[in-house]
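> Structure incoming, see below.
Numbering (this note's numbering), first residue to last: 32 to 567.
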């Protein structure tokens, strides 16, 4: 007898078509049968060792978070309710060009320092891996949800070239190609970049094109955080489209927003650019989070020249009064590339987390508010934070536009990504609320998307991008990564004031046919594993 039958569920199967009522049978980690309208037709109903009454609930494929920063959280926090409670059954990590494999000892130490604000210091983690394959093996020991990995181009460059702003030599470029190929052979699904973060930003298009040729040869995709989301956003998008077309590589645009005042109302221009490329045969997808503010680290706002050489070099420049004044002028007057070419507005920069507990009174305030409370200029406050927190401060940047958010999420190649940084006292609520916020706010309350369409955005579309033939749909033979939610009550519990509140209306989540959420509570099941690229 099979393990589980989910009775009388309203199945929204991820394909975008109309929902239907069915009994769904799960065994051995897979969906083994789907019996539609069995009760109404008087048919023999399937039986199993366990029966779950799903009356009033929608059964959908588990949600795929196409942009996650859980690289260490998956290892540190077996509970991982931040994602499991949202119905996420697969996360794509290794984002924005910086993560923890492939590395050597030196590069690992540098990367840990550089992205402390994203993932914490890692002092509580045993870094017993150096290659991509070894990291994926570590995930295979058991994690809350599944994870796929993107090779981080900035980490690869740090390993092969260093943190200097210069072109790679032919030998260094060859080494980067080999590192990317090795990572793909070991199971990575593609390559990410952070082209406003050091050292990835120092790569010219020709270098990136060569790496993307390698990615294309393995059937992977390129996921860039491109060079500007502000003054040069449209040009930056166009650059990525042209680069990947030249390389013959699939493109997935990370957190594809149109932010800052210069881009208000300009989402249709972005979509027109993408539609033209799609019509010409380009393979493009994108992800967004359903909120207006962004989230990153305070150090990311600095101009690239101030970040050359890595964390210690940054701290030395900030400690020097003359150099710090040059940094301030570049940020406040010229518009640093770290702030996307737009002069920084300190009243939009909210401190969301700090590494040094002595600085916690800054959390929840904008830099401008903290500076006003101290009777000083905002740069004085920001500089002190950067130095005392040793670059570990995270921020929310309130620069988005709701009209752009809604316009982009309607597009046919759109998928969902939380971009959720789980560190800090007051992280962005998207880390805990992205997927229920889509379903509750944008589907039920606003009607921006239909329920069937939204579920497709969050399931089958990302599965297709990841080339996972047995995920993302409720189909016989597919993996039993499933979520059951109440369409009348599903909602994000997280808010900007209480960002770690869990969602409502998602009582059951299954990974590999095992309950990781049951009756709205996290179980002790660790059914997640690394999801490796399997076809070349």
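Don't be surprised by glycine CBs; every beta carbon is placed ideally from N, CA and C.
Taking the straight line between their C-alpha atoms, what separation do you get for residue 189 and residue 138?
One C-alpha to the other measures close to 6 Å.
> Any idea what DSSP makes of residue 8, helix, strand or coil?
Within the shown structure, residues of the chain are numbered from 32 to 567, placing residue 8 beyond reach of any answer.
> Are the stretch 165–181 and the stretch 110–129 touching, with three or more C-beta to C-beta distances below 8 Å?
Yes, they touch.
> Is the closest heavy atom of the ligand GTP to the C-beta of residue 190 under 8 Å?
Looking for the ligand GTP in the displayed structure turns up nothing, as the structure carries no ligands at all.
> Please report the distance separating the alpha-carbon of residue 361 from that of residue 408.
Going from the Cα of residue 361 to the Cα of residue 408 covers about 16 Å.
> What residues match up with residue 539 in a beta bridge as DSSP calls it?
515.
> For residue 435, name the three-state secondary structure that DSSP assigns.
If DSSP states are grouped into helix, strand and coil, residue 435 belongs with the helices.
> At a cut of 8 Å, does the stretch 466–473 reach the stretch 390–407 through at least three beta carbon pairs?
No, because fewer than three Cβ pairs between the stretch 466–473 and the stretch 390–407 fall closer than 8 Å, the two stretches do not touch.
> Taking a contact to mean a Cβ-Cβ separation below 9 Å, would you say residue 219 touches residue 134 in this structure?
Result no, Cβ atoms of residue 219 and residue 134 do not sit closer than 9 Å.
> Can you give me the C-alpha to C-alpha distance between residue 160 and residue 106, rounded to a whole angstrom?
Approximately 13 Å, taken between the alpha carbons.
> Is the beta carbon of residue 97 closer than 9 Å to that of residue 353?
Going by C-beta atoms, residue 353 is not nearer than 9 Å to residue 97.
> Can a CB atom of chain D be found closer than 9 Å to the CB of residue 380?
Any reference to chain D falls outside this structure, which holds one protein chain only.
> So the candidates are 149, 199, 197, 103; which of them puts its Cα closest to the Cα of residue 155?
Minimum Cα distance to residue 155 is reached at 103.
> Is the distance from the Cβ of residue 121 to the Cβ of residue 502 below 9 Å?
Yes, these two residues count as a Cβ contact at 9 Å.
> Note the first and the last residue of the continuous beta strand (DSSP E) segment covering residue 150.
Taken as a continuous stretch (DSSP letters only), residue 150 belongs to no beta strand (DSSP E), being part of the alpha helix (DSSP H) at 147–150.
> Is residue 99 buried or exposed, if buried means 16 or more other CB atoms sit within 10 Å of its CB?
With 16 or more Cβ atoms within 10 Å of its Cβ, residue 99 is classed as buried.
> Spatial neighbours of residue 419 within its chain, please: C-beta separation below 8 Å, excluding the five flanking residues on both sides.
Cβ within range, chain order: 387, 389, 390.
> Quick check: residue 281 and residue 288, are their CB atoms within less than 9 Å of each other?
Against a cut-off of 9 Å, the Cβ pair of residue 288 and residue 281 comes out as no contact.
> For residue 429, does the three-state DSSP call read helix, strand or coil?
In the structure shown, residue 429 sits in coil (DSSP, three-state: anything other than H, G, I, E or B).
> Which of the three DSSP states is assigned to residue 548 in this structure?
Strand.
> Which residue comes first and which comes last in the alpha helix (DSSP H) that contains residue 230?
Run containing residue 230: none; DSSP gives neither H nor E here.
> Determine which residues share a DSSP beta bridge with residue 57 and list them.
Bridge partners of residue 57: 35, 62.
> Let's see if you can read the secondary structure: which residues bound the alpha helix (DSSP H) around residue 327?
Segment 325–328 is the beta strand (DSSP E) holding residue 327; no alpha helix (DSSP H) there.
> Residue 148 and residue 422 - do their beta-carbons sit closer together than 9 Å?
Yes, the pair counts as a contact, with Cβ atoms nearer than the cut-off.
> Going by beta carbon distance, what residues of the same chain come within less than 6 Å of residue 450, once the five residues before and after it are set aside?
Around residue 450: 98, 286, 320.
> Less than 9 Å separating the beta-carbons of residue 562 and residue 480?
Taking 9 Å as the Cβ cut-off, residue 562 and residue 480 do not qualify as a contacting pair.
> Tell me, which residues are paired with residue 51 by DSSP?
For residue 51, which the question treats as bridged, DSSP gives the partners 42.
> Closest by CA to residue 471, which one among 283, 400, 536, 551?
When only C-alpha atoms are compared, the closest one is 536.
> I'd like the span of the beta strand (DSSP E) that includes residue 443, first residue to last.
Note, residue 443: premise wrong, no beta strand (DSSP E); not H, not E.
> With DSSP as the reference, label residue 208 as helix, strand or coil.
Residue 208 falls in the helix class under three-state DSSP.
> Quick one: which unbroken alpha helix (DSSP H) runs of 4-plus residues sit fully inside the stretch 167–197? Chain order, please.
Listed in chain order, the complete alpha helix (DSSP H) runs (minimum 4 residues) inside the stretch 167–197 are 184–191.
> For residue 223, count neighbouring C-beta atoms within 10 Å of its own C-beta (all shown protein chains included) and say buried if the count is 16 or more, exposed if not.
Flag for residue 223 reads buried.
> Apply the 10 Å Cβ neighbour rule to residue 303 and answer buried if 16 or more other Cβ atoms are within range, or exposed otherwise.
Label assigned to residue 303: exposed.
> Output the boundary residues of the beta strand (DSSP E) element that contains residue 94.
94–96 is the extent of the beta strand (DSSP E) around residue 94.
> Are there three or more Cβ pairs, one per stretch, closer than 8 Å when the stretch 435–444 is compared with the stretch 504–518?
With a cut-off of 8 Å, the stretch 504–518 and the stretch 435–444 do not count as touching, because too few Cβ pairs lie within range.
> Identify which residue in 88, 60, 335 has its Cα closest to the Cα of residue 521.
Closest by alpha carbon: 88.
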